[in-house]
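Notes for the one structure printed next.
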Amino acid sequence: MKFTLSWLKTHLETEASVETIVEKLTALGLVVDKVENKAEVLAPFKICEIIEAEKHPNADRLKVCRVNTGDEVIQVVCGAPNARKGLKVVLARPGDLIPSTKQVLKVGKVRDVESLGMMCSAQELLLGEASEGIIEVDPKACVGESYAKWMGLDETLIEIEITPNRGDCLGVYGISRDLAATGIGKLKPLKREIIKGSYPCPVALKTDSEACPHFTGRVIRGLKNGPSPLWLQKKLEAIGLRPLSALVDITNFFIYDLGRPLHVFDVNKLKGELNVRLSEKGESFKALDGKTYPLSEDMTVIADDSGVISLAGIMGGESTGCDDSTHTVFLESAFFDPISIAITGRSLGILSDSRYRFERGVDPASTLPGLEAATQMILEICGGEVSEIVVTGAAPDLRESIVFDPARVKTLGGLDVPSQRAQDILKTLGFEVKGEGQNFAVLTPSWRFDVEQETDLVEEVLRVEGYDKIPSLPFGDRPEKKLLSPLQERRFVVREQLANRGLMEVITWSFMAHKETELFGGVAESLVVLNPISQDLDAMRPSLLPNLLKVLLLNQNRGAEAVGLFEVGPQYSGPTPQDQHMMATGLRAGAFHSDHWCEKKRLVDIYDAKADVVDIFGGLTFQYSQAAPSWYHPGRSAALKLGPHVLGYFGELHPSILKAYDVKGPVVAFEIFIDRLPQVKRKSKLVLSSYQRVERDFAFVVSQDVQSESLIKAAQKADPVLTQDITLFDVFDLGDHKKSMGIRVGLQSQDHTLTEDEIQTFSQKVISLVTQSTGGVLRQ
Amino acid sequence: MDRMGQLKHHFLTDVGKVSTLQELEDLRVGALGKKGELTLLMKELGEKTPEERKVWGAELNAVKEVLTTAFDQQKKRLEEEILNTRLATETLDVTLPPRPLLTGKIHPLSHVLDQTIQIFGQMGFVVAEGPDIEEDFYNFTALNIPLEHPARQEQDTFYLPPLEDEQPLVLRTHTSPVQIRTMLNQKPPLRIIAPGRTYRSDYDATHTPMFHQIEGLVIDTKTHMGHLKGCLEEFCRLFFEDPSLKLRFRPGYFPFTEPSAEVDIWWKGNSWLEILGCGMVHPNVLRNCDIDPTIYQGFAFGMGIERIAMLKYGITDLRLFYESDLRWLDYYGFDPESRE
Numbered sequence: 026m027k028f029t030l031s032w033l034k035t036h037l038e039t040e041a042s043v044e045t046i047v048e049k050l051t052a053l054g055l056v057v058d059k060v061e062n063k064a065e066v067l068a069p070f071k072i073c074e075i076i077e078a079e080k081h082p083n084a085d086r087l088k089v090c091r092v093n094t095g096d097e098v099i100q101v102v103c104g105a106p107n108a109r110k111g112l113k114v115v116l117a118r119p120g121d122l123i124p125s126t127k128q129v130l131k132v133g134k135v136r137d138v139e140s141l142g143m144m145c146s147a148q149e150l151l152l153g154e155a156s157e158g159i160i161e162v163d164p165k166a167c168v169g170e171s172y173a174k175w176m177g178l179d180e181t182l183i184e185i186e187i188t189p190n191r192g193d194c195l196g197v198y199g200i201s202r203d204l205a206a207t208g209i210g211k212l213k214p215l216k217r218e219i220i221k222g223s224y225p226c227p228v229a230l231k232t233d234s235e236a237c238p239h240f241t242g243r244v245i246r247g248l249k250n251g252p253s254p255l256w257l258q259k260k261l262e263a264i265g266l267r268p269l270s271a272l273v274d275i276t277n278f279f280i281y282d283l284g285r286p287l288h289v290f291d292v293n294k295l296k297g298e299l300n301v302r303l304s305e306k307g308e309s310f311k312a313l314d315g316k317t318y319p320l321s322e323d324m325t326v327i328a329d330d331s332g333v334i335s336l337a338g339i340m341g342g343e344s345t346g347c348d349d350s351t352h353t354v355f356l357e358s359a360f361f362d363p364i365s366i367a368i369t370g371r372s373l374g375i376l377s378d379s380r381y382r383f384e385r386g387v388d389p390a391s392t393l394p395g396l397e398a399a400t401q402m403i404l405e406i407c408g409g410e411v412s413e414i415v416v417t418g419a420a421p422d423l424r425e426s427i428v429f430d431p432a433r434v435k436t437l438g439g440l441d442v443p444s445q446r447a448q449d450i451l452k453t454l455g456f457e458v459k460g461e462g463q464n465f466a467v468l469t470p471s472w473r474f475d476v477e478q479e480t481d482l483v484e485e486v487l488r489v490e491g492y493d494k495i496p497s498l499p500f501g502d503r504p505e506k507k508l509l510s511p512l513q514e515r516r517f518v519v520r521e522q523l524a525n526r527g528l529m530e531v532i533t534w535s536f537m538a539h540k541e542t543e544l545f546g547g548v549a550e551s552l553v554v555l556n557p558i559s560q561d562l563d564a565m566r567p568s569l570l571p572n573l574l575k576v577l578l579l580n581q582n583r584g585a586e587a588v589g590l591f592e593v594g595p596q597y598s599g600p601t602p603q604d605q606h607m608m609a610t611g612l613r614a615g616a617f618h619s620d621h622w623c624e625k626k627r628l629v630d631i632y633d634a635k636a637d638v639v640d641i642f643g644g645l646t647f648q649y650s651q652a653a654p655s656w657y658h659p660g661r662s663a664a665l666k667l668g669p670h671v672l673g674y675f676g677e678l679h680p681s682i683l684k685a686y687d688v689k690g691p692v693v694a695f696e697i698f699i700d701r702l703p704q705v706k707r708k709s710k711l712v713l714s715s716y717q718r719v720e721r722d723f724a725f726v727v728s729q730d731v732q733s734e735s736l737i738k739a740a741q742k743a744d745p746v747l748t749q750d751i752t753l754f755d756v757f758d759l760g761d762h763k764k765s766m767g768i769r770v771g772l773q774s775q776d777h778t779l780t781e782d783e784i785q786t787f788s789q790k791v792i793s794l795v796t797q798s799t800g801g802v803l804r805q
Numbered sequence: 131m132d133r134m135g136q137l138k139h140h141f142l143t144d145v146g147k148v149s150t151l152q153e154l155e156d157l158r159v160g161a162l163g164k165k166g167e168l169t170l171l172m173k174e175l176g177e178k179t180p181e182e183r184k185v186w187g188a189e190l191n192a193v194k195e196v197l198t199t200a201f202d203q204q205k206k207r208l209e210e211e212i213l214n215t216r217l218a219t220e221t222l223d224v225t226l227p228p229r230p231l232l233t234g235k236i237h238p239l240s241h242v243l244d245q246t247i248q249i250f251g252q253m254g255f256v257v258a259e260g261p262d263i264e265e266d267f268y269n270f271t272a273l274n275i276p277l278e279h280p281a282r283q284e285q286d287t288f289y290l291p292p293l294e295d296e297q298p299l300v301l302r303t304h305t306s307p308v309q310i311r312t313m314l315n316q317k318p319p320l321r322i323i324a325p326g327r328t329y330r331s332d333y334d335a336t337h338t339p340m341f342h343q344i345e346g347l348v349i350d351t352k353t354h355m356g357h358l359k360g361c362l363e364e365f366c367r368l369f370f371e372d373p374s375l376k377l378r379f380r381p382g383y384f385p386f387t388e389p390s391a392e393v394d395i396w397w398k399g400n401s402w403l404e405i406l407g408c409g410m411v412h413p414n415v416l417r418n419c420d421i422d423p424t425i426y427q428g429f430a431f432g433m434g435i436e437r438i439a440m441l442k443y444g445i446t447d448l449r450l451f452y453e454s455d456l457r458w459l460d461y462y463g464f465d466p467e468s469r470e
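Structural data, given as structure tokens:
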């Protein structure tokens, strides 16, 4: 919402400075976005007149003009098609800062002809949009005068943000009322015009009360439309509205002055009676913006015999719009239901000042006064003869009576405000306060739909007093509770662990491209976004890997050769809360680390990913299963399980996935369901033995398909008490489907030094157990 | 006597001349070895008279001691020289890079979430959570945002197909539904924060379709706006590490709080920057959660994590949080700390 300081002062009698007004507006909750005085940036630009315009000797489209600046006559080269003799223009001189480009104008030569200035377009002065030509100043303007001053731009323009609950401040009058409550000025009473009509309204009106609860109007005949007076044009231009014609400008004025939308129909273009009703299926409507809108059922419309001629409260129709030839109008002022306006406006996608106000709530009590005020201005500007008013329905009374205990300002708002002061504040805002003592009956004003209960009144008092007056109180009590649940804590721990392992944390979207989900098991229709922002982000991800692969590709394209990254975040197997799984997913690709002088570069393999997983699992015993999902290499991956629960997967990604994502391999990855990991058990007490530790090495020749785990488990059985640790120190391929695996077993007793006999017996047991369970033979 | 003197003189002179350990050893053997000259003199002692033996013996021993010391000293000196010569050749380029250590970083948003959670933890808050795919009821209706409310249209909501014949599911547009879930499942007094992912259909220089918020909720019988101010002041001053940071509370509008406030901080001494929204929990919201608003009251706040992260760490483009360029992450990320 934009307004000028002078407009504000037509309603608010105040001596307050701009700074104070701005500060109060923000304190009231009418946040000031911008305060500007266009005259400051436009100060250098003066009105000049073209006294000669000749074709440029070297260019067809350019003109060489002689321009009277008031002090002298200078030569300016201009390319605008509308530059012509006698035109009053806005001139920039060398040294002036051009607002649109933020550059200083220099003396220039245009195709060998010297140019001592530039005639400005509205766009160059940031006063309008790009257009073909330069600004054409009113012929009545004086040469040499400041353009900003002439245009009334020497004005402080204030732009405020209005929250959706404050429709009453979408007019300057409402803003003035709020400001008056703070004590910086006095609200001037509105003039209540009552204009008697001299003849019955000739336009017949029919209203469906379901479509519109309150509709008023009248005819004004014999008026003259045309450009509105300069004061009105300037007023509208100052807030960025383009003046069109007196009738349109007058309705725009009241939208911004009182927040009261109005509409005028050209009576000569009406066919038959006006009918305010709900639309029917199949109807369509050509609006003033030139577009045709198909209507669905139950939209409030105004129709005549020709069909829909206005989308009530949103936009008028082209067929009955006013132009310079209009001499008889029907002026409409009505109250439309905010919800119905919101639904219609949204479904048709029409934005208008009128819709904006009606859907936030226009004061129903302003219907008739608004009609009268506009009538008065039309008579003053356009003349004419006024009919009687036609009225259907009555202004709905939406006021609320609220029981108010002023002590709530303290107990809820934290600010001590004397009861009398609270009452005064409410009264200046237009509330009626009755009663005394603890509980007042407060009647809300007709324009404040947002105030419904006591807490709303507390806010009214607080915002006028100022939130800054509320003393801030630190919490006195600080209960010592466990901040994070163990599951939440684990996410942080896992992040730190993975980052400590050299992986970079990334955060990627929770969604991905639906078509790509098939590579990762697909998603149910229930996980497809109905209104995605793009086709790349239209499904909730069933795995974090696709997004990580995109990150990998991006970084490989930017030259990264050793990539390790992870994300801790959700994936989805369905739409319910139980289907959201917290994952720690990571990948490593290409080299383990980049070229380095002292360590040979090597490519990542699944044991890197396994190391990441095992670190996260922290000593947890789990089972391997070959059933890793399809996006892994079938022979180089595993699912890790604890009983029936899958805790995660790791492995090399399937070559077809690398191809689909166009990434360079090898890529190894892991996915861990971190919320499924069991609680870490407390460690048992460590007892260190003081007796000699011995180590024995064994190398077994086994068949290629024997897994190391089965060999180690077999060896472990030999003497689980004496065995401290078993290290697999060597694996190599012997060919012929055989391989050798070397293990080193550490032995130590808690109560004696092991004898050679004991060690021998143990070794024999290891050998026979391994042979039994794996078919392995001790290498000689 | 003369022989002994000559011997002593001869060996003491020679020991100073040897330059290798081998020469030194040869010299030592020549003097003190089994057939060494001094040893031979010792052997001759047996042929002497007891008196002579006494005198000669003492002198021989003295010479032996002098020579032994001289040999030892020379040995030590030579060994030192050899070591020094070796060390002089054993040089390494200390400026070579160390062995590779892979370093990962914590994403700045995770770091900021963690900091935020810790600060509120000191004030007695506990972390609560809710799902990203949310029911319309929790995301809107229970929060006093009816279907046609303008606020509901201002949030560009992502929708998912409805479950059976119910309302469409939404990707939560804010973390506020966690307030509702908490109030429906727990009894006051409550003091929770709810960090998490949130979604709105908006993608430009200042919006991403997914972003992070942290929600706060306090419900008891007497917490009022003064406490709200105190709590957020404490948070902002700790988070931005400025004990005198100025905050400005001004009226705002949220359907789920009344009175509502927007909070600005006075940033770098030149402007007010909006950083969060808050207010006293709306009585309708309490009623929707079966909490009696005539007995209980409290406040709620919601804050964008990206926003405060950008301010604190001077990150100027929101989209870079999600672009995942490893170089950017390495620069703006944080070293992991052990939390165990």
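In order, the protein sequence lines correspond to chains A and B. In the numbering used here, each residue carries its 1-based index in the first sequence increased by 25. In the numbering used here, each residue carries its 1-based index in the second sequence increased by 130. Glycine is no exception: its CB is placed at the ideal position from the N, C-alpha and C atoms.
Amino acids of chain A, ordered along the chain, whose beta-carbon sits closer than 7 Å to that of residue i
i                        : result
glutamine 427 of chain B : Leu437
Same chain, Cβ closer than 7 Å to residue i, five either side skipped, listed in chain order
i                     : result
valine 554 of chain A : Phe536, Asp563 and Ala564
Interface partners of residue i on chain B, CB under 7 Å
i                         : result
alanine 328 of chain A    : The contacting residues do not exist; alanine 328 of chain A stays about 24 Å from chain B at best.
asparagine 190 of chain A : Tyr383
Min CB distance residue i to chain C below 8 Å
i                         : result
asparagine 525 of chain A : Checking the listed chains, one finds no chain C in this structure; the protein chains it contains are A and B.
Unbroken alpha helix (DSSP H) run spanning residue i, endpoints
i                        : result
glutamine 797 of chain A : 781-799
aspartate 633 of chain A : 631-642
alanine 367 of chain A   : 363-373
Partner residues on chain B for residue i, Cβ-Cβ distance less than 9 Å
i                       : result
arginine 583 of chain A : Asp455, Leu456 and Arg457
Where the beta strand (DSSP E) through residue i begins and ends
i                         : result
tryptophan 396 of chain B : 387-397
alanine 359 of chain A    : 353-360
Among the options, nearest to residue i - alpha-carbon criterion
i                         : options                                   : result
valine 615 of chain A     : A:Leu313, A:Phe456 and A:Glu677           : For the sequence presented, residue 615 of chain A should be read as glycine rather than valine. Of the candidates A:Leu313, A:Phe456 and A:Glu677, the one whose C-alpha sits nearest the C-alpha of glycine 615 of chain A is A:Glu677.
aspartate 144 of chain B  : B:Phe201, B:Phe365, B:Leu171 and B:Met433 : B:Phe201
tyrosine 649 of chain A   : A:Val639, A:Trp656, A:Asp640 and A:Ala664 : A:Ala664
threonine 317 of chain A  : A:Thr126, A:Val638 and A:Met340           : A:Met340
glutamate 48 of chain A   : B:Trp402, B:Pro423 and B:Asp460           : B:Trp402
valine 114 of chain A     : A:Val135, A:Glu161, A:Pro124 and A:Asp96  : A:Glu161
asparagine 556 of chain A : B:Lys164, B:Lys376 and B:Tyr329           : B:Tyr329
methionine 410 of chain B : B:Leu273, B:Asn315 and B:Leu441           : B:Leu273
Proximity below 8 Å, CB of residue i to CB of residue j
i                         : j                         : result
proline 119 of chain A    : leucine 112 of chain A    : no
leucine 53 of chain A     : proline 389 of chain B    : no
isoleucine 263 of chain B : leucine 239 of chain B    : no
leucine 448 of chain B    : threonine 336 of chain B  : yes
leucine 261 of chain A    : asparagine 277 of chain A : yes
Cβ shell of residue i (< 6 Å), same chain only, five flanking positions each side left out
i                        : result
glutamate 470 of chain B : Residue placement at glutamate 470 of chain B is flagged as unreliable, the pLDDT there being 47, under the threshold of 50; the coordinate-derived value follows with that caveat. The answer is none, since no qualifying residue turns up.
alanine 64 of chain A    : Ala173, Leu178 and Asp179
leucine 612 of chain A   : Leu573, Val692 and Ala694
Residue i beta carbon near the ligand SAM (any heavy atom closer than 7 Å)
i                            : result
phenylalanine 255 of chain B : Because no ligand of any kind appears in the structure shown, any question about the ligand SAM cannot be addressed here.
Cutoff 8 Å; reference residue i; Cβ partners in own chain excluding five residues on either side
i                         : result
tryptophan 458 of chain B : Leu450
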